[in-house]
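In structure tokens, the structure reads:
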């Protein structure tokens, strides 16, 4: 049983290494097989296709991002400074796994499955921001949800779009939260 677990881990880690080294064009079951020095049939025992591997990797990266932002100590930091941190961490993780390059190579089934996982992670991210809003401001539930969705969607858009700067978003966000009643921490 241990050998099987090690093989799946080897396949996963090798696939991730190939992607992280920006060899996206070379990413294939054949390439993973060659790099792992194991048969392609062994890979297919664990993963139906390369998209299944990509889904595991993207899930792990989202979970790492969410874990890192929720475990961060923010003592003495403002709400905006938290959002700054989230943006820069999101940027770091997106650079690690270059979605722009990769998205051109993905199958439709991966895009559908990936979107589902992305939406789950995004919902979790929105909850983190709602908690932050409730920590800093006296705010009703609906308003916190709307503002959190706005923040989350914009942070993700900033990663994928050009022509829209974080500084501009930050100015808009400061104007949005300015009327909110701050809690004393």
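Numbering (the numbering used here), first residue to last: -5 to 179. Yeah, the Cβ is synthetic: ideal placement off N, Cα and C, and Gly gets one too.
With respect to the C-alpha of residue 164, the residue from 38, 76 and 59 having the closest C-alpha is 76.
In the structure shown, the three-state DSSP call for residue 44 is helix. Nearest C-alpha to residue 61 among 115, 78 and 27: 115. Nearest C-alpha to residue 64 among 124, 139 and 154: 124. The C-beta of residue 68 has fewer than 16 other C-beta atoms within 10 Å across all chains shown, which makes the residue exposed. Within the DSSP secondary-structure output, residue 175 pairs in a beta bridge with 132. The alpha-carbon of residue 57 is positioned some 11 angstroms away from that of residue 87.
Less than 9 angstroms divides the Cβ of residue 153 from the Cβ of residue 85. Here the alpha carbons of residue 169 and residue 81 stand approximately 18 angstroms from one another. Exposed is the label assigned to residue 161, since fewer than 16 other Cβ atoms lie within 10 Å of its Cβ. It is roughly 34 angstroms from the alpha-carbon of residue 10 to the alpha-carbon of residue 141.
The C-beta distance from residue 158 to residue 73 rounds to 21 angstroms, too long to meet the 8 angstroms contact threshold. Exposure of residue 38 is indicated by the presence of fewer than 16 other C-beta atoms within 10 angstroms of its C-beta. Rounded to whole angstroms, residue 171 and residue 117 show a C-alpha spacing of 21 angstroms.
With a 10 Å radius around the Cβ and a threshold of 16 neighbouring Cβ atoms, residue 175 comes out exposed. Where residue 25 is concerned, the enclosing alpha helix (DSSP H) starts and stops at 23 to 30. By a beta-carbon distance limit of 8 angstroms, residue 111 contacts residue 49. Their separation comes to about 6 angstroms. In the structure shown, the three-state DSSP call for residue 67 is coil.
Residue 12 and residue 33 have their C-alpha atoms roughly 17 angstroms apart. Note that the C-beta distance between residue 29 and residue 52 is not below 9 angstroms.
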